[in-house]
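Q: For reference, the structure I am asking about is given below.
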Amino acid sequence: MARDTGDPGMDKTPKVKRQRRKKTKENKTRTVHANILYDHAKGEENPNRHYANNKIKTTKYTVLSFLPKNLFEQFHRFANVYFVFIALLNFVPVVNAFQPELALAPVVFILSVTAIKDLWEDYRRHRSDKEINHMDCLVFSRAERRYVEKYWKEVRVGDFIRLRCNEILPADVLLLSTSDPDRLCHIETATLDGETNLKQRQVVRSFFDLDCDFDPLKYSSIIECEKPNNDLNRFRGYIIHRSGRRDALYKENLLLRGCTIRNTEEAVGIVIYAGHETKAMLNNNGPRYKRSKLERQMNVDVFWCVIILLVMCLFAAVGHGLWMFQYGDKRPVFDVLSPEGTDLSPIMSAIYLFLTMIIVFQVLIPISLFVSIEIVKICQVYFIHQDMELYDEETDSHLQCRALNITEDLGQMQYIFSDKTGTLTENKMVFRRCTVAGVEYSHDANARRLAMYQEMDSEEEECTSHGGTLPRRDSVASHQSAKVVLRSQSTKSHRRTGSRAEAKRASILSKHTAFSSPMEKDITPDPQLLDKVNECSSQMEFMRFHSQPASHLPSDLADIIDFFIALTICNTVVVSSPNQPRQKVRMRFELKSPVKTIEDFIKRFTPSRLTSGSNSSSSSSLITNRSSNKGCASMLSSPSAESTLTKLDEEKHSGSLQHAFSPMPPCYDGKAWNVEEGELRYEAESPDEAALVYAARAYKCSLVGRLPDQVTVELPHLGKLSFELLHTLGFDSTRKRMSVVVRHPLTDQITVYTKGADSVIMDLIKPPDTGNSKGKRQKKIVSRTQNYLNLYAADGLRTLCIAKKIMSKEQYACWLQRHLEAETAIQGREELLFDSALRLETNLHLLGATGIEDRLQDGVPETIASLRQAGLQIWVLTGDKQETAVNIAYACKLLDPEEEILTLNADSQEACALLLEESLHYIQAKFLCSSSDQSTKAFHNNFVPFDIYSSSSPSSSSSSHTAPFTVHRLGLVIDGRTLAYALDKSLEDKFLAVARSCRSVLCCRSTPLQKSMVVKLVRNKLKVMTLAIGDGANDVSMIQVADVGVGISGQEGMQAVMASDFALPRFRYLQKLLLVHGHWCYSRLANMILYFFYKNAMFVALIFWYQFYCGFSGSAMIDQWYLIFFNLMFSAFPQLVTGTLDKDVSAETLQQLPQLYVNGQNSEEYKPYMFWMNMIDAFYQSLICFFIPYFAYADSDVDLFTWGTPITTLALFTILVHLGIETKTWTWMNWLCISFSIALFFTVALCYNASCPTCYTPSNPYWTMQRLLKDPLFYLLCIITPIAALLPRYFYRACQGTLFPSPVQVGRQLDKLPAETRRNILSLSRVKVGSPLSPKPLFLSLGTPSTTDCSKKDQRGFPSSKTTQGPVLQTEQQGQRRGPTDSERGLSDLYTLVPTEIDTLPYTKDAPQLSEEPQPPPTKDSECLENSLEASDLSLSSWITSTPLLPQTDSIHLNLPPDGGSHCVRYTRDLEEKLKSAAQRSEQETEQEKEQSLHISL
Amino acid sequence: MMATSYSAKDEDGQITVSGGGGGSLRSRKPENTAFKQQRLPAWQPILTAGTVLPAFFIIGLIFIPIGIGLYVTSNNIKEFEIDYTGVDTSSPCFNCSQSFSWNSSRPCTCTIPFYLEQPYEGNVYMYYGLSNFYQNHRRYVKSRDDSQLHGDMDSLLEPSKECEPYAKHDNKPIAPCGAIANSMFNDTLELFFNDPNGTKVQIPLANTGIAWFTDKYVKFKNPGGDNANLTAVFQGTTKPVNWRKPVYELDKNTSNNGFINEDFIVWMRTAALPTFRKLYRTIKDSKMVPTLPRGNYTLEVVYNYPVRSFEGRKRMILSTISWMGGKNPFLGIAYLTVGSVCFFLGVVLLVVHHKCGNRNNSADISN
């Protein structure tokens, strides 16, 4: 048709123009025409001319604009403006202090350093822009009627481009045609979101059936879509064909710039967004700039410096006024008139002098500080990057610092907010067990298998650590490097989980698939369930042969088969074959689109067709269909397209049914079957999807193919079944479920399979009709399933419920009608679709539930333990359900079996308020008032470090509870709904009051928004430093809100990493990042900043003292060159080296003694008083440096600058030696730098003093230095002055080191010890954390208690202390031996592990006793649960115990009846476990289960 | 690889394209070098009483002898000072001091007798000292033109702006310009030895060799090069307002005249502190042992320089010097003090170390 028009541009333009005009009025959409139509009407006529072209320019500057723009940007910084102001002030003759040109030097220097940095960065961007702009791609040329190579930058909106396999997309392209017979195009979006699995993109529907090659010349449609935006997951629009028909466009049709085409030989599309308007580019926000706490603190002190400066200037000005005044009218000969010859009054002189002094004292505001800090931070980032221990060999990735300017914040964290899944856990989902139709299949063999992996894992780790590096990479030859790395990445991830041999095998097999380690794939089926599946399918086969309706199947068996079908198809897993990487298995039987129109639906589902469809027709129909289609030129140009479609539909449909019953010989012997199926690889978007599919495959229910319109499943006995996929309602976090609508090939019913979070699904279950037996059974299933779900959750498994629903055709038609409306809406489509999904997912029939295990990452418990020792409060915010979260929390040592758990579940605002109130009372009653209680005391003793920490953290003034909060041995668990109430303005203070007195807080079922609100609340109200760590998109908001956001570059994509300040490969690296690098960065920078203040103050004060001897005239004895370059050159380098390399404590000690981290949390390196101490020291030192030369040269014939030069030299020496005192580690770099500084000063001075006899007015220092070097007095001064100046500081440091060493100093002393001794000492203090399942926490307190305390405690005796004799003996002896010498606090006090260990050991010793108590087996447990369920009318009051509050209560659950009828809070106590606060995990669990069941029963 | 390199570089807003493929398989594992892993060998001093003890004692032991030496040296220097300002009515110069004017037409002379109790051996230096004279005042210090003093003809006729308001007088450039030159000390001091036999012997005072060598021969130059006729060279300029005679009449000796007059050069080197002395003359070791014998002397002052307006004082100082310069006991005392303090602190630390340091040092920990 397009060809008919011949010259389409001519007759179309007016119409198009009209349309454009209309669109611009709306201005909400973008209209894209094919450029091909306007080839000759370049420029003016092209409707696409307003859209950005594909040339990208990320540079900020051009050659011309660089200078003004860069300067403009730099002047946004206040400090720069200040310094420029001062420099300009120098040009005013009355006030000038220096040679004006010279005064500009520092500012110009600083500005140019920054400018050069910016320029270099910009140049890098420019080069990379150029490289990208000059990449090639194929663009259709109308003139040549073929695709020609063009540069990326020449691509324009409306161009047709052809992409070949492995090409990178140059722009956002609407997919119009692919070589793939399914009309699919696979892309890899790793560059956008880091997800390594392939994504399918579909050809626009109108071009779907276009079987022949797409011809751009025939294209004549107009595309209307949204304005460019940065939402990667949204694309809305429609395409208007010439016929006027509209087709909706989805994100599935859009190929995004930066993605790579995979597995598709060729694809053709039209450019929609180009260049900077592509979604990828719009998503690039660049790095974030945060201001660290240290810098904020520093800015306060800079402000103080300004005040000091002003005071000094004011003082000088007043002094000058008075000095002038004393002479009265008799103007002395040395008081020179102003250049104009006018006589200034004392007041005017004072005012001018004030300005002059500002110039002279400008150094007090450290101009180079800002630059130095930036340099030091860049170096620090470099070192963090280079740390081998933060490098993950398995993923070949290391830590990334994305925010360059908050490294020191890492050393000051107080709260950590962590995501659970993927952060604490591997995010490797392993199918553990399931329940179907109310029957539990425990999968014991599977559990054993997993345990085995665990063992092998640890073995292998040892292996690795001994044997050095493994041969890491398999040399897979591949056409693209990027691809290879991706593959090897997944390869490596297997090695972590399997044994080495197995890993090797796995790597060969599965090198192309994510989420497919052998642990995840090889599920051992439960024999009982397997039998049932076999039985079921054989029955079905039997029935099929006897053409019985499937409904005759016993309902439990039907549920089982439905359950597995649901597992298999209710997902978005893509199947591929490993032999041909990423090559889809072609299980293609038909060609059909999903139901898209009502007519389509009616056509498809007319009864006649259905009946006819059941007859098998010739299998060759497909081929004929395709061949018949071959001839068509364009589906739109063909007037009979619709009818063809209908025809096709019919034929195809019959084909599908035919295939559904294709006589595929079912093969029972597992071997042959395995060989075939084992080759299939599943690529899932989320790991639990894959886990479920693999689980189903273990039951011979395997997914063999997935197309947009059908899913093929192979069932035992039945062979391959093709499910016609009518709809897929994807997973979203609000619905928390996904559904597929399929037509069941056996029953031919329209079936909805839904899979989702149990909390959601359970509410959607059709209320069972209690009238008949079936309904009763259903009810029982639901309740049983619920019990098992609780059990699973208690085991820390992730639970998913599977449900189905059978719809009648009418229902479906009705729903479809509205759904289609929703789909085609442009505005509010999301909401409409959401509503539509809600309408569908109701009245479900519960099939069963699955439990998926998510293993903890390596080293998580250890990391958490040591982070906690470091005084960090760790909150876990997870979307998981409460029970799962609690159990993971136990497993990773976040919650301690010994500690009480405060669980807050409320259903209303009032209830929540009451709960919080009660909890507060409880905490106060228990911990604040009952100090006489022994156990409480022990707790307190145990938590001295936390005590210190929390009392020193500023208590928020707004908090209604201003009592000092100590962190108790309490855990707080709160669910999302309660959290929502608690986060309310009225309750947040109370919530915080409760939460902050708990040692760990666990927020379950929290939404991303809640996560960020919690972080924000804690951060703002408690004024603490917060760190958020997470790996998924749901953590992004939290990561952004926190002071430091850390992303785990895990399996869930890159969103978290993109939003983060630091990206870690594994959670456990957080330990070194915080404890070592954070500590170092903080202490280095803090010391450097303090030193800077000191240095500048000291130097400036010299001039200030001089004012007393020059009539406050603003004169300086230091040559202005020295004055200006002192900071920039002579004293600049040593502090940079120290700021970069100084290590106060070695990395090993820092990691082994996490307590040292408290140093940074309390800002102990840089407290406000330290600034003032430094200032006082600076003033003292400058007094010494001024007055020793003063008296040494008093009443001599020394001239101004011959006297000033020694002072400069002395100041330099003093400053350097001061740095030396503060330097903790002296490497050759430090020596070099200090000698370099001194050498530089003398060289410059000598050269400067010899260079020109008359150039440097007014100082005119010709030959000064040379003469000084001949003067013995100079050397005598150089020796005595620095020593006298630094004597107090040196003495103080020595005394401090001996009398009251800070923990850090003790750590340093520890470093000095021989390795052997140190190891012995540390091994005493180190917290040995066992396997995740054996909780044995030992807490190491930092300050007190002393050994006398300890011995008292021993005398007092613990109930079980007798049993602890053995292990404690040794430590006790040590304690006693050390006892006598320990009259004061010191090293051994610091590591008073001895008493604390005694405190905690009894508990662990108690464990065996307690475990002797019969543990209710699961079945028994569930029975009892059932009982409680049956008694659902159980009166609430029977649960209310009026037990008085006992401090020893082990576990306190605060629950409110959900109906909110009686607002009483009950403290339920489990009588068994009260008296000793010993606890055991399993007991805790069972109690929770009971609690949970109670909750449900209510 | 794509993903990670993308995120590493994304601050540039770029999609990184890994082109070519080959070679980019290199592991990103950081190098295991001491520098990159921050394991450089280092000396880690720990400041505790025990470790710093030796330093304190060593400093004490070194400083105390130095201090004694310096003190003794300083005490051996002989110095005599006489204030001739004439504030007191009884002072011989009281009359002269009443004149506040710079340009009083008649020179006022006063004679001050004094007695040297000790003979002065070796070279004796004669200084004049001024007190309360702020030669270091900011505007004063700047008020000079170095290029003019360097003999630059242009600057001679067009003095720099720094000299304002002492750059021109009656539209003629001032040579030398500026406030420093303008306020040059112009008293004349003469020393007579009153022989016990009653004769007044004038002591020869050398007026050269008192300035820095580099000043005289490098920094200061008369304009016109070697032209001996300074009058002609300074043609067109005028003398500083306060001066009595032009610059080319400062001395008869052409090598000490004009800008290279050493009294002038000495004056131009502005003093650091408001109380200062400047070398006026040297009394060379005349082989007549001693240079200045014990006895009565007379100082004859041509009193020109007014200091009363700013409460200033004028002194004449006679001094011998040692290797460490003039008489100044301060440094010796300072060394003694610092040395003693160090020693004392060392003792304190020793006590501290013995009382508290025991359990902290490494020996104890290793037990």
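Going down the list, the sequences are from chains Z and C. Residue 1297 in our numbering is what sits at position 1289 of the first sequence, and the numbering runs on without skipping anything. Residue 101 in our numbering is what sits at position 62 of the second sequence, and the numbering runs on without skipping anything. Where a beta carbon is used, it is the ideal one built from N, C-alpha and C, also for glycine. On a predicted model such as this, the values are computed, not experimentally measured, just so you know.
Could you give the first and the last residue of the continuous alpha helix (DSSP H) run that contains Arg1185 (chain Z)?
A: Per the sequence shown, residue 1185 (chain Z) should be read as Asp rather than Arg. Pro1176 to Ala1200 is the extent of the alpha helix (DSSP H) around Asp1185 (chain Z).
Q: By how many angstroms is the C-alpha of Arg333 (chain C) removed from the C-alpha of Ile242 (chain C)?
A: Each residue's Cα considered, the two are about 14 Å apart.
Q: Helix or strand or just coil, what does DSSP make of Cys1006 (chain Z)?
A: DSSP places Cys1006 (chain Z) in strand when its eight states are reduced to three.
Q: Which ranges would you report for the alpha helix (DSSP H) in the region 871 to 918 of chain Z if only whole runs of at least 4 residues count?
A: Within the region 871 to 918 of chain Z, the complete alpha helix (DSSP H) runs of at least 4 residues are 890 to 899.
Q: For Ser325 (chain C), name the three-state secondary structure that DSSP assigns.
A: Note: Ser325 (chain C) maps to coil in three-state DSSP.
Q: Any idea what DSSP makes of Ile569 (chain Z), helix, strand or coil?
A: Residue state, collapsed to three classes: helix.
Q: Alpha carbons only, please: which of Z:Thr37, Z:Ser1121 and Z:Cys920 is nearest the one belonging to Ala990 (chain Z)?
A: Selected option, being the one with the closest Cα: Z:Cys920.
Q: Just checking: is the beta-carbon of Asp482 (chain Z) within a distance shorter than 8 Å of some beta-carbon in chain C?
A: Summary for Asp482 (chain Z): the model assigns pLDDT 37, below 50, so the residue's position carries little reliability; its value from the coordinates is reported in the next sentence. For Asp482 (chain Z), the answer is no, since every Cβ of chain C falls outside 8 Å of its Cβ.
Q: Mark Val1044 (chain Z) as exposed unless 16 or more other C-beta atoms lie within 10 angstroms of its C-beta, in which case mark it buried.
A: The residue is buried, with at least 16 neighbouring Cβ atoms inside 10 Å.
Q: Output the boundary residues of the beta strand (DSSP E) element that contains Ser73 (chain Z).
A: It is not in any beta strand (DSSP E) - Ser73 (chain Z) carries neither H nor E in the DSSP assignment.
Q: Would you give the residue range spanned by the beta strand (DSSP E) that Arg806 (chain Z) belongs to?
A: Unbroken beta strand (DSSP E) run through Arg806 (chain Z): Leu805 to Met815.
Q: Can a CB atom of chain C be found closer than 8 Å to the CB of His406 (chain Z)?
A: Taking Cβ atoms only, chain C reaches closer than 8 Å to His406 (chain Z), which makes this a yes.
Q: Using a 10 Å radius around the Cβ and a threshold of 16 neighbouring Cβ atoms, would you call Asn104 (chain Z) buried or exposed?
A: Looking at its Cβ environment, which holds 16 or more other Cβ atoms inside 10 Å, Asn104 (chain Z) is buried.
Q: Cα separation between Glu1493 (chain Z) and Ile896 (chain Z)?
A: Below a pLDDT of 50, predicted positions are generally treated as unreliable, and Glu1493 (chain Z), at 44, falls in that range; no measurement from the model is reported.
Q: With a threshold of 8 Å between beta carbons, is Val390 (chain C) in contact with chain Z?
A: Cβ-Cβ to chain Z under 8 Å: no for Val390 (chain C).
Q: Beta-carbon separation of Ala1036 (chain Z) and Met1021 (chain Z) under 8 Å?
A: Cβ atoms of Ala1036 (chain Z) and Met1021 (chain Z): not closer than 8 Å.
Q: So Asp180 (chain Z) packs on Lys259 (chain Z), CB below 8 Å; how close in whole Å?
A: Contact flag wrong, Cβ pair sits at about 11 Å.
Q: If we cut at 8 Å on Cβ distances, does Ser348 (chain C) have a partner in chain Z?
A: It does: the Cβ of Ser348 (chain C) has a partner Cβ on chain Z nearer than 8 Å.
Q: Measuring straight from C-alpha to C-alpha, what distance separates Trp160 (chain Z) and Asp167 (chain Z)?
A: In a straight line, the C-alpha of Trp160 (chain Z) is about 11 Å away from that of Asp167 (chain Z).
Q: What does Asn233 (chain C) pair with, by DSSP beta-bridge criteria?
A: BP columns for Asn233 (chain C) point to C:Lys239 and C:Asn335.
Q: Considering Cα atoms alone, identify which of C:Arg177, C:Pro152, C:Arg178 and C:Gly217 is closest to Leu195 (chain C).
A: Of the candidates C:Arg177, C:Pro152, C:Arg178 and C:Gly217, the one whose C-alpha sits nearest the C-alpha of Leu195 (chain C) is C:Gly217.
Q: Taking only runs that begin and end inside the region 160 to 205 of chain Z, name each unbroken alpha helix (DSSP H) of 4 or more residues, in chain order.
A: Taking only runs of at least 4 residues, the alpha helix (DSSP H) segments lying wholly in the region 160 to 205 of chain Z are 198 to 201.
Q: Who are the neighbours of Met363 (chain C) on chain Z, taking C-beta pairs under 9 Å?
A: Within 9 Å Cβ-Cβ: Asp1279, Pro1280, Leu1281 and Leu1284.
Q: How many angstroms separate the CA atom of His392 (chain C) from the CA atom of Ala88 (chain C)?
A: Cα-Cα distance, rounded: 5 Å.
Q: Answer with buried or exposed for Tyr154 (chain C), where buried requires no fewer than 16 other C-beta atoms within 10 angstroms of its C-beta.
A: Exposed, because fewer than 16 other Cβ atoms sit within 10 Å of the Cβ of Tyr154 (chain C).
Q: State the Cα-Cα distance for the pair Val390 (chain C) and Arg352 (chain C), rounded to the nearest angstrom.
A: Between Val390 (chain C) and Arg352 (chain C), the C-alpha separation is close to 52 Å.
Q: Tell me which same chain residues have a C-beta within less than 8 Å of the C-beta of Thr832 (chain Z), skipping the five on either side of it?
A: Answer for Thr832 (chain Z): Tyr246, Arg254 and Ala256, listed in chain order.
Q: Using a Cβ-Cβ distance cut-off of 8 Å, determine whether Ala1292 (chain Z) contacts chain C.
A: Interface residue, yes.
Q: In whole angstroms, what separates the C-alpha of Leu432 (chain Z) from that of Val884 (chain Z)?
A: For Leu432 (chain Z) and Val884 (chain Z), the distance between alpha carbons rounds to 9 Å.
Q: Leaving out five residues before and five after Asp324 (chain C) in sequence, what residues of the same chain have Cβ atoms less than 6 Å from its Cβ?
A: Here the set comprises Gly161, Asn162 and Thr330.
Q: Taking the alpha-carbon positions, what's the Tyr1201 (chain Z) to Arg308 (chain C) distance?
A: Cα to Cα, the separation comes out at about 15 Å.
Q: Distance, Cα to Cα, Lys366 (chain C) vs Tyr110 (chain C)?
A: Whole-angstrom Cα-Cα distance: 10 Å.
Q: Determine, using beta carbons only, whether Leu1000 (chain Z) and Leu980 (chain Z) come nearer to each other than 8 Å.
A: No; because the gap between Cβ atoms is not below 8 Å, this pair is not in contact.
Q: Taking Cβ positions only, does Lys1122 (chain Z) come closer than 8 Å to chain C?
A: The identity of residue 1122 (chain Z) in the sequence shown is Gly, whereas the question assumes Lys. At least one chain C Cβ lies under 8 Å of Gly1122 (chain Z).
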